[in-house]
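Protein chains: 2
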Amino acid sequence: MNLHIRVFTIGALAKAAGVSTPTIRYYEEIRLLPPAPRTAGGQRTYDDEDLGRLTFIKQCRDFGFGIDQVRVLLELSISTNRDCVETRDIAQTHLDEVRQKLAELRVLERRLESFVTRCDIACAGGPGQDCVIFKDMAAPAKGSCCG
Amino acid sequence: MNLHIRVFTIGALAKAAGVSTPTIRYYEEIRLLPPAPRTAGGQRTYDDEDLGRLTFIKQCRDFGFGIDQVRVLLELSISTNRDCVETRDIAQTHLDEVRQKLAELRVLERRLESFVTRCDIACAGGPGQDCVIFKDMAAPAKGSCCG
DNA sequence: GTACTCCTTCAAGTAACTTGAGGTTCAAGG
DNA sequence: CCTTGAACCTCAAGTTACTTGAAGGAGTAC
Numbered sequence: 000m001n002l003h004i005r006v007f008t009i010g011a012l013a014k015a016a017g018v019s020t021p022t023i024r025y026y027e028e029i030r031l032l033p034p035a036p037r038t039a040g041g042q043r044t045y046d047d048e049d050l051g052r053l054t055f056i057k058q059c060r061d062f063g064f065g066i067d068q069v070r071v072l073l074e075l076s077i078s079t080n081r082d083c084v085e086t087r088d089i090a091q092t093h094l095d096e097v098r099q100k101l102a103e104l105r106v107l108e109r110r111l112e113s114f115v116t117r118c119d120i121a122c123a124g125g126p127g128q129d130c131v132i133f134k135d136m137a138a139p140a141k142g143s144c145c146g
Numbered sequence: 000m001n002l003h004i005r006v007f008t009i010g011a012l013a014k015a016a017g018v019s020t021p022t023i024r025y026y027e028e029i030r031l032l033p034p035a036p037r038t039a040g041g042q043r044t045y046d047d048e049d050l051g052r053l054t055f056i057k058q059c060r061d062f063g064f065g066i067d068q069v070r071v072l073l074e075l076s077i078s079t080n081r082d083c084v085e086t087r088d089i090a091q092t093h094l095d096e097v098r099q100k101l102a103e104l105r106v107l108e109r110r111l112e113s114f115v116t117r118c119d120i121a122c123a124g125g126p127g128q129d130c131v132i133f134k135d136m137a138a139p140a141k142g143s144c145c146g
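Sequences listed follow chains A and B, in order.
Residue 130 in numbering that gives the first Met the number 0 sits at position 131 of the first sequence; the count goes up by one each step and never skips.
Residue 15 in numbering that gives the first Met the number 0 sits at position 16 of the second sequence; the count goes up by one each step and never skips.
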């Protein structure tokens with residue numbers, strides 16, 4: 000057992016968990032974190048349990064989960080009869096979304112590449128060219144540059 | 000020359016450009032679009048020039064450019080001495096950002112894949128398992144599931 | 001006791017719209 | 001002419017996940 004009871008100020012907790020202090024207050028406000036006990040002067044105090052919870056939240060956020068998903072994951076993490084299947088499903092759904100976003104960004108990357116390349120080919124001379132990119136983009140088809 | 004002067008209601012314009020009507024009002028409010036002339040009854044009217052401008056904006060947004068970038072691109076598109084080089088640079092910068100985001104998402108995809116896979120291996124039996132994912136995630140290292 | 005950092009609350013700002021409430025205008029049909 | 005229903009109007013607030021700023025109090029080291 001750990002006999003040391005570590006107490007953190009909000010700044011120390013923030014540093015330990017890798018988030019900002021306003022973020023911690025915000026998490027308290029939206030009840031992701033419980034209301035912190037205060038010193039006589041009104042300053043918030045935290046312990047290792049809070050650090051664990053906050054770190055968990057941070058990890059989930061780094062995974063890209065939304066606040067509402069984190070809320071569910073937190074509840075699952077606390078329930079004694081942990082439902083790993085539900086956790087897996089949340090992660091799977093999120094993975095699907097990430098892959099969807101990846102696909103969109105790959106398309107965007109190709110379009111922008113093509114755009115820049117055509118700019119280079121047609122407009123290497125600099126300003127004042129007869130660049131038709133803008134006419135192209137004012138029509139509802141695919142964009143082009145200086146074609 | 001086109002002798003037809005097409006006049007659009009806000010709804011018709013929205014449909015033609017592929018945006019929503021509140022979006023058009025919003026664009027007017029933030030001065031991406033000029034204030035529309037009104038009918039006697041106060042309803043907005045648009046013409047083909049507006050359609051061209053709005054379509055241009057839509058294209059830029061689909062490319063992922065932010066509103067402020069669209070503002071610059073719009074000005075470039077209107078200037079008589081078009082600076083294609085500046086346009087290219089804006090697109091190149093944006094392309095770099097897209098690639099950065101792609102790299103991040105690829106890392107995320109791998110992490111989530113690994114997460115889900117480990118869930119499948121260790122927790123195929125369903126709820127009630129001795130799943131350590133939550134303990135892992137409350138520590139500041141990399142997440143795992145049911146390991 | 002004073003200097004300095006860290007803490008407090010509250011309000012507003014960010015991006016780019018969307019949603020809702022409550023009311024008006026327009027075009028068509030009878 | 002009158003009604004009906006869709007589409008329009010304005011204004012305010014909601015969305016996501018915080019960040020930023022102002023004005024002032026608490027804690028600690030010298």
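Backbone N, C-alpha and C fix where the C-beta goes; we use that ideal spot for every residue, glycine too.
- Secondary structure of Arg-5/A (DSSP, three-state): coil.
- Contact annotation, Cys-59/A with Leu-72/A: C-beta distance approximately 6 Å; criterion of less than 8 Å satisfied.
- Listed in chain order, the non-local C-beta contacts of Thr-44/A below 8 Å within the same chain comprise Val-6, Phe-7, Thr-8, Ala-35, Pro-36, Arg-37 and Thr-38, local neighbours out to five positions each way being set aside.
- The alpha-carbon of Ala-11/B is positioned some 16 Å away from that of Leu-32/B.
- Against Thr-54/A, the close residues of chain B are Met-136, Ala-137, Ala-138 and Pro-139, in the order they occur along the chain (beta-carbon pairs closer than 9 Å).
- Separation of the CB atoms of Gly-63/A and Leu-101/B is rounded to 14 Å, and the pair is thereby denied contact status at 8 Å.
- CA-CA distance, Thr-20/A to Asp-95/B, rounds to 31 Å.
- Under a criterion of Cβ atoms nearer than 7 Å, the residues of chain B adjacent to Gly-51/A are, in order, Ala-137.
- Look at Ser-76/A: its C-beta is under 9 Å from a C-beta on chain B.
- Proximity of Asp-119/B to chain A, defined by a Cβ-Cβ separation below 9 Å, is satisfied.
- For Leu-31/A, the nearest beta carbon of chain B is not closer than 9 Å to its own beta carbon.
- Residue state for Arg-30/B is assigned as coil, using DSSP reduced to three classes.
- If the five residues before and after Ile-89/A are omitted, its C-beta is found closer than 7 Å to the C-beta atoms of Gln-68, Val-71 and Leu-72, all from its own chain and listed in chain order.
- Residue pairing for Tyr-45/A: DSSP places it in a beta bridge opposite Phe-7/A.
- For Arg-70/A, the uninterrupted alpha helix (DSSP H) segment begins and ends at 66-77.
- With respect to Ala-13/A, Thr-22/A sits close: the two C-beta atoms are nearer than 9 Å.
- For Thr-22/A, no chain B residue has a C-beta closer than 8 Å to its own C-beta; the minimum C-beta separation is roughly 16 Å.
- Distance check between Thr-92/A and each of Leu-111/B, Ala-137/B, Gly-40/B and Asp-119/B places Leu-111/B closest, using alpha-carbon atoms only.
- When the beta-carbon positions are compared, Asp-119/A and Arg-30/B stay at least 9 Å from each other.
- Taken in chain order, the members of the stretch 87-120 of chain B whose beta-carbon sits within less than 8 Å of a beta-carbon on chain A are Arg-87, Ala-90, Gln-91, His-93, Leu-94, Val-97, Arg-98, Lys-100, Leu-101, Leu-104, Arg-105, Leu-107, Glu-108, Arg-110, Leu-111, Glu-112, Phe-114, Val-115, Cys-118 and Asp-119.
- Of the other Cβ atoms in all chains shown, 16 or more fall within 10 Å of the Cβ of Ser-76/B; this residue is therefore buried.
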